[in-house]
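Chemist: Per my numbering, residue 15 is the first one in the sequence shown, and the count goes up by one each step. For every residue, glycine included, the Cβ atom is placed at its ideal position computed from N, Cα and C.
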Amino acid sequence: MTLIEYGDDAIAIDCGLMFPENDMLGIDLVIPDTTYLLDNPGLLKAILLTHGHEDHIGALPYILPDIPVPLYATRLTQGLIEVKLKEAKLLDKIELNTITSESVIEIGPFKIEPFHVCHSIPDAVGYAIHTPQGLVIHTGEYKFDDTPADGRPADLDRLRRYGDEGVLVLLSDSTNAERPGHTPSEQIVSAAFEEIFDETRGRIIIATFASNISRIQQVINIAMRHNRKLAVVGRSMVDNVKMARELGYLTAPEDMIIHVDDLDDYPDNQIAIVCTGTQGEPTSALVRMANNEHRQVRLREGDTVILSATAIPGNEELVHRTLNNLFRLGADVIYQSLRPVHVSGHASQDEQLQMLQLTRPKYFIPIQGEYRMLVLHGRLGQAAGIPPENIWVIENGQVIEFDEEGAFPGEVVANGQILVDGLGIGDVGKVVLRDRRLLSRDGFVAVVVAIDERTGELVEGPDIISRGFVYVRDSEELIEEAKERVIDLLESGATHRDTAANVIKNNLSQFLYQRTRRNPMIFPVVLEV
Ligand SMILES: [Zn+2]
């Protein structure tokens with residue numbers, strides 16, 4: 015989420031979510047910290063969305079209930095947002111404005127022009143934002159593809175025109191700042207698909223992101239040319255294909271898309287399946303197929319599976335496991351390191367440099383990407399002739415202020431990550447996560463005793479319950495010894511009833527560590543009767 019503020023008005027670009035990092039145990043997703051907006055009610059006037067990916071629209075259902083501002087998005091992006099708002103019962107509470115790359119939007123002191131860019135989803139835009147201080151360009155996520163799947167290359171003329179007008183600051187996508195050269199065109203994916211379809215006699219199963227509408231269109235086109243019917247599998251894939259067809263972003267002959275239940279009505283060489291599961295998500299269609307647990311699609315020798323996506327960092331292990339399982343079932347599996355069945359949706363260094371040269375900004379702020387990518391993108395800015403002091407490599411929450419004198423860093427606003435777990439938003443913090451990590455490492459041991467409330471004498475117990483520490487049935491001796499220790503502690507009178515819990519905890523912790531070299535979390539429960 016990027017905030018652009020002037021006087022009493024601000025607009026936000028995008029409102030995405032992040033998937034949890036590996037050490038965020040049990041967390042479903044991570045959303046931006048909007049404390050600054052909540053502390054300044056009325057400041058935010060609108061949210062403008064660049065494209066329909068989760069990391070750009072996914073947090074809307076969590077943010078909008080507290081900050082119900084109008085949204086601006088292109089038609090496909092809007093379609094994807096509507097699905098989310100409907101689920102969150104927010105659809106009739108939020109004003110949704112449809113824009114095109116020809117729109118001009120006036121919000122307070124801002125005059126905003128969306129411009130078309132290519133990305134791995136159609137209908138992606140960047141924004142040119144005219145402010146009283148000058149022109150701000152936000153690229154969204156983009157690449158320059160002369161032959162994109164939807165036939166609409168990025169609007170370079172418009173970018174050049176902005177460059178001629180004079181750009182105050184460019185905020186540009188840094189995702190592929192580590193990659194030299196030019197990101198290959200979607201065309202090479204089509205060519206690779208074409209070859210595979212030519213060679214293959216059995217069924218072809220293609221896994222891709224449910225939001226990658228362009229890729230799905232490529233599959234439809236090629237399947238059609240090879241006289242194959244297409245079944246769509248996976249809930250989000252089915253929903254998105256339905257929505258995109260209704261809006262006209264996917265075109266397929268009516269009789270070509272078949273229901274997955276009807277696969278048996280066709281010979282193998284007339285079947286293609288497009289499904290979810292590129293990240294090895296445990297409940298996804300592809301993973302169920304790989305585990306031979308999918309109700310309708312049983313993979314077998316002769317099937318060809320194409321993984322048309324890359325693993326998002328952190329998901330590699332799950333993806334590799336899925337690939338192994340697919341091979342185990344006898345399927346042939348084709349993925350990016352074998353053949354070019356996927357290309358990135360982000361600009362590589364050549365395109366990033368071209369963006370800088372077209373817009374010729376006075377100031378440059380690399381956005382979207384991990385810190386090292388921002389730094390590398392910043393260096394590219396220098397190569398494009400921007401003085402180093404005009405390039406701001408900044409972290410979340412850092413404000414950059416522009417006035418007649420120039421640009422300088424302002425305050426740092428709240429920028430934490432808000433964790434979402436089940437129905438809880440932001441209630442899981444450092445302490446809960448630390449406990450989860452401890453529990454996941456050595457498990458827990460609970461000790462329940464009842465003592466006389468006057469004398470402190472043991473009345474009942476101790477009972478010992480443990481999970482994730484040892485397999486109790488194989489460790490009866492250890493548990494018995496632990497019980498005896500607790501009895502000794504209480505009977506020796508060494509413990510006052512007020513301190514019994516702590517004494518049990520410390521003593522047992524030491525004992526269990528000596529015997530097992532493990533540090534389970536210990537919960538003493540002392541009941542006074
Ligand atoms: Zn994206």
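(1) Return yes when at least one heavy atom of ligand 1 lies under 7 Å from the C-beta of residue 200, else no.
(2) As an exercise, report each continuous beta strand (DSSP E) stretch of at least 3 residues that is fully enclosed by the segment 202-226, in chain order.
(3) In its own chain, which residues sit with a C-beta less than 7 Å from the C-beta of residue 479, not counting the 5 before and 5 after it?
(4) Tell me whether residue 67, by its Cβ, gets closer than 7 Å to a heavy atom of ligand 1.
(5) For the pair the segment 437-453 and the segment 395-409, tell me if three or more CB-CB distances fall below 8 Å.
(6) How many angstroms separate the CA atom of residue 454 from the CA atom of residue 432?
(7) Going by beta carbon distance, what residues of the same chain come within less than 6 Å of residue 311, once the five residues before and after it are set aside?
(8) Among 539, 526 and 513, whose alpha-carbon lies nearest the alpha-carbon of residue 475?
(9) By how many angstroms is the C-alpha of residue 187 removed from the C-alpha of residue 156?
(10) Express the C-alpha separation of residue 94 and residue 132 in angstroms, rounding to a whole number.
(11) Measuring only from the beta carbon, is residue 72 closer than 7 Å to any heavy atom that is part of ligand 1?
(12) Following the continuous alpha helix (DSSP H) through residue 496, name the residue where it begins and the one where it ends.
(13) So, are the CB atoms of residue 394 and residue 437 less than 8 Å apart?
(14) For the 8 Å Cβ check, are there 3 or more pairs between the segment 103-118 and the segment 16-35?
(15) Using the Cα positions of residue 248 and residue 299, report the straight-line distance between them to the nearest angstrom.
(16) Do residue 181 and residue 375 have their C-beta atoms within less than 8 Å of each other?
(17) Taking all protein chains shown into account, do 16 or more other C-beta atoms lie within 10 angstroms of the C-beta of residue 272, making it buried, or fewer, making it exposed?
(18) Quick one: what does DSSP say residue 145 is sitting in, helix, strand or coil?
(19) Is residue 93 near ligand 1, with its Cβ less than 7 Å from a heavy atom?
(20) Alpha carbon to alpha carbon, how far is residue 318 from residue 382? Give it in angstroms, no decimals.
(21) Measuring from the CB of residue 295, is there a heavy atom of ligand 1 at a distance below 7 Å?
(22) Could you check whether residue 283 and residue 343 sit closer than 8 Å to each other, using their CB atoms as the reference points?
(23) Mind pulling the beta strand (DSSP E) runs of 3 or more residues that sit fully within the segment 164-209?
(24) Between the C-alpha atoms of residue 434 and residue 316, what's the straight-line distance to the nearest angstrom?
(25) Between residue 384 and ligand 1, is there a pair consisting of the residue's CB and a ligand heavy atom that are separated by less than 7 Å?
(26) Taking 7 Å as the line, does the beta carbon of residue 240 fall inside it for any heavy atom of ligand 2?
(27) Which residues share a DSSP beta bridge with residue 59?
(28) Please confirm whether any heavy atom of ligand 1 lies closer than 7 Å to the CB of residue 140.
(29) Bridge partners of residue 465, per DSSP?
(30) Among 523, 458 and 313, which residue has its Cα nearest to the Cα of residue 629?
(31) CB-CB under 7 Å to residue 66, same chain, minus the five flanking residues each way: which ones, in chain order?
(32) Identify whether residue 293 lies in helix, strand or coil by the three-state DSSP scheme.
(33) Could you give the residue range of the beta strand (DSSP E) that holds residue 130?
(34) If I follow the unbroken beta strand (DSSP E) through residue 424, where does it start and stop?
(35) Do residue 192 and residue 57 have their beta-carbon atoms positioned less than 8 Å apart in this structure?
(36) For residue 49, which option in 232, 77 and 64 has the closest C-alpha, if you only look at C-alpha atoms?
Modeler: This is what the structure gives:
(1) Because no heavy atom of ligand 1 lies under 7 Å away, the Cβ of residue 200 does not count as near it: no.
(2) Runs found: 218-221.
(3) 460
(4) Checking every heavy atom of ligand 1 against the Cβ of residue 67, one is found closer than 7 Å.
(5) no
(6) 22 Å
(7) 303.
(8) It is 539 whose Cα lies nearest to the Cα of residue 475.
(9) 7 Å
(10) 18 Å
(11) no
(12) Here the alpha helix (DSSP H) through residue 496 covers 490-505.
(13) no
(14) Segment contact: the segment 103-118 against the segment 16-35, fewer than three CB-CB distances shorter than 8 Å; contact not assigned.
(15) So the two alpha carbons sit approximately 5 Å from each other.
(16) yes
(17) buried
(18) Strand, per DSSP.
(19) no
(20) 35 Å
(21) no
(22) no
(23) 181-187
(24) 42 Å
(25) Taken from the Cβ of residue 384, every heavy atom of ligand 1 lies 7 Å or farther away.
(26) Within the structure as shown, ligand 2 is missing, the only ligands being ligand 1.
(27) In the DSSP assignment, no residue is bridged to residue 59.
(28) no
(29) 472 and 542
(30) No answer is possible for residue 629: it lies beyond the span of the chain, which begins at 15 and ends at 543.
(31) 90, 91, 94, 135 and 225
(32) The DSSP-derived three-state label of residue 293 is coil.
(33) 124-131
(34) 420-426
(35) no
(36) 77
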